[in-house]
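Input: a single structure, listed below in structure tokens.
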Amino acid sequence: MLARLAHTLVPAAGRLTVTADAGAAFAPGSIVAANHTSLADPAVVLAALHRLGVRPTVMAAAGLWRIPVLRGLLSREGHIPVHRHDRRAAQALRLAVRALERGRVLLIYPEGGLPHRAGSAESAPGAFRSGLARLTEETGAAVIPLGQAGARRLLSGGPVRQWTGLLSSPLQRPRLHAHAGAPVTLSGDRCARTVQAHRAVTTAWSTAAARLRTG
-5 MLARLAHTLV PAAGRLTVTA DAGAAFAPGS IVAANHTSLA DPAVVLAALH RLGVRPTVMA
55 AAGLWRIPVL RGLLSREGHI PVHRHDRRAA QALRLAVRAL ERGRVLLIYP EGGLPHRAGS
115 AESAPGAFRS GLARLTEETG AAVIPLGQAG ARRLLSGGPV RQWTGLLSSP LQRPRLHAHA
175 GAPVTLSGDR CARTVQAHRA VTTAWSTAAA RLRTG
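Just so you know, we're using our numbering here: the sequence shown kicks off at -5 and counts up by one.
Next comes the structure, spelled out in structure tokens:
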């Protein structure tokens, strides 16, 4: 339901295009790792995955469960709340492992939060937290890197700028692009796995950003 909703709403706000590497595949029990730049990019990523035929289980900030309408959707579909800086954070990883073991495709934002910068310009993914590496250590799941660019054209900056961007987007319909890379099997210790994942997602993001510049 959440993916279908994004698939319906995002085209009204922007012109989304989606590409994938020749080897891109979303096998059951794999992890989609996406860059995180804006409050709008979860919708962009879900809409892109919907076009690619993927309905993921999402690891999302627990604060979203406090929004009445969203809370019901998120809970019914089995998405996973992430309580950052909280002893409940470990529970999210346990639920993610169970989802992967059941053959679900898991969507995770390894940066663990939004960048602290103004403006709508693109920027490479920030440092990754260890959660993604820990999941691959425990499950052996392959990682599909997904880069998105353009979401900050919908929502970025302070509250006034965000509302302005959101309200004007149906008229301006800024270009958005998402690119899925081929699956990567991470190896080595936790630090090495994190570096490999960051490199793969950065490459996917670079492809998406280049599409915006040249399209």
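We put the beta carbon where it would ideally sit given N, CA and C, even for glycine.
Quick caveat, the model's predicted, so the values are computed rather than measured.
By the neighbour-count criterion, in which a residue is buried when 16 or more other Cβ atoms sit within 10 angstroms of its Cβ, L3 is exposed.
Per the DSSP secondary-structure output, P139 pairs in a beta bridge with A27. W199 is positioned such that its CB atom lies no closer than 8 Å to that of A112.
Taking C-alpha positions only, P139 is separated from G97 by approximately 18 Å. Nearest Cα to R49 within the set G134, P36 and A203: P36.
Note that the C-beta distance between L100 and L94 is below 8 Å. P22 counts as exposed, since fewer than 16 other beta carbons sit within 10 angstroms of its beta carbon. A straight-line Cα-Cα distance of about 34 Å links V12 and H79. In the DSSP assignment, P75 falls within the beta strand (DSSP E) that extends over I74 to V76.
Bridge pairing for A174: A14 and L140 [DSSP]. In this structure, DSSP gives T197 a helical state, which the three-state scheme calls helix. Remark: C-beta atoms of A135 and A172 do not approach each other more closely than 8 Å.
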